[in-house]
Amino acid sequence: MQTSPVALVTGANQGIGFQIAKELSAKGFIVLLGSRNLARGEAAASEVGPTAAALQLDVTDQASVTAAAERVRLEFGRLDVLIQNAAIATVSDREQTGEELAAANRPSVVSLDDMRTVWDTNVFGVLAVYQAMLPILRITPNARIVNVSSGAGSLTVVSDPRSPLRPLFDVSYAASKTALNALTVAMAIELEADGIKVNAVSPGYTKTRLTSFAGTETVAEGAAEAVRVALLGPDAPTGGFTHATIGPLPW
């Protein structure tokens, strides 16, 4: 069994996931960079350094998820931190503003197929990875799970007529993060007796491909809360939703 702590970050070949992987590696973790495209994952892992390895992981493909879990079990024998970062905002390759995304994903006009594709990654993919990795997490002392969510998914926030996020709430990306928040609470309740901490974090409006690089926060700023929560000790809270500078966020 690997003696160093092991972290798996999904969607880690670019953006926030890549930054999280770099920072956890610098903290002494063996970091597994989950990536749909193995070649891109290997390139990212080589940039992180010798304590990083690429892991082929398409969260929408059950065979890929099962194979990834089997590799973690056989090769490392432990999983101290699972960071569920993989997410998409749209199926389109065209750069779109938040307003354009929201307009295309209103309940009255959204493509059901497109919505299913987004939810397949952002919701069902998270659950698939959780189920596959849970047996390994359960045999690792003080294991924890961090789900990378979004303040845009907060029902409390978007129910406030004064909130700038209210007009951007859509049934595809934003609502998928609402569902992810619900999964986080359900996971935290289920694992409370096991001592496994499960929390959601918001990276904020970060300059990544997901936001068409139009964000106001750097990738380092966007990764900060996920890294902080990943490093919390066994006495840390569970079932929370936080942002690096705002602090606790409402569900």
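Following our numbering, the numbering of the sequence shown begins with 74 at its first residue and continues without gaps. Quick reminder that beta carbons are idealized off the backbone N, C-alpha and C, glycines included. Keep in mind that this is a model prediction, so the values were computed, not measured.
Boundaries (first-last residue) of the alpha helix (DSSP H) holding residue i
i: Gly295; result: 292 to 303
i: Ala85; result: Per DSSP, Ala85 belongs to no alpha helix (DSSP H) and is neither H nor E.
i: Arg113; result: 111 to 121
i: Ala175; result: 171 to 177
Residue i in three-state terms, based on DSSP
i: Ser137; result: helix
i: Thr257; result: helix
i: Leu97; result: helix
i: Val154; result: strand
i: Leu105; result: strand
i: Asn195; result: helix
i: Pro310; result: coil
i: Ser249; result: helix
i: Leu128; result: strand
i: Val145; result: helix
i: Ile161; result: coil
i: Thr229; result: helix
i: Gly277; result: coil
i: Gly90; result: helix
i: Pro321; result: strand
i: Val271; result: strand
i: Thr315; result: strand
i: Arg217; result: strand
i: Pro240; result: helix
i: Asp166; result: coil
i: Gln204; result: helix
i: Ile262; result: helix
i: Thr76; result: coil
i: Ile209; result: helix
i: Arg235; result: coil
Whole-angstrom distance between residue j and residue i, CA atom to CA atom
i: Thr311; j: Ala216; result: 12 Å
i: Ala141; j: Pro234; result: 44 Å
i: Pro240; j: Val219; result: 27 Å
i: Thr190; j: Asp153; result: 29 Å
i: Ala136; j: Leu200; result: 14 Å
i: Asp187; j: Val164; result: 6 Å
i: Ser245; j: Trp192; result: 7 Å
i: Val292; j: Val104; result: 18 Å
i: Leu207; j: Gly171; result: 35 Å
i: Asn178; j: Ala247; result: 10 Å
i: Leu155; j: Arg113; result: 20 Å
i: Lys95; j: Gln75; result: 19 Å
i: Ala309; j: Val182; result: 43 Å
i: Gly198; j: Ala205; result: 11 Å
Unbroken beta strand (DSSP E) run spanning residue i, endpoints
i: Val79; result: 79 to 82
Distance between beta carbons of residue j and residue i, contact taken as under 8 Å
i: Thr315; j: Val302; result: 7 Å
i: Ala225; j: Lys250; result: 6 Å
i: Val221; j: Val145; result: Not really, about 19 Å apart at Cβ, beyond 8 Å.
i: Trp324; j: Leu228; result: 7 Å
i: Pro276; j: Ile89; result: 5 Å
i: Val231; j: Arg151; result: The pair is not a contact, with the Cβ atoms about 39 Å apart (cut-off 8 Å).
i: Gly313; j: Asn272; result: 5 Å
Below-9 Å beta-carbon distance, residue i vs any chain B residue
i: Ile209; result: Chain labels in this structure do not include chain B; a single protein chain is all it has.
(message) Would the region 76 to 88 count as touching the region 105 to 122 if we require 3 or more Cβ pairs under 8 Å?
(response) Touching, yes, given that three or more Cβ pairs across the two stretches are closer than 8 Å.
(message) Count Cβ pairs between the region 255 to 273 and the region 201 to 214 that sit closer than 8 Å; are there 3 or more?
(response) Yes: the two stretches touch, three or more of their Cβ pairs being nearer than 8 Å.
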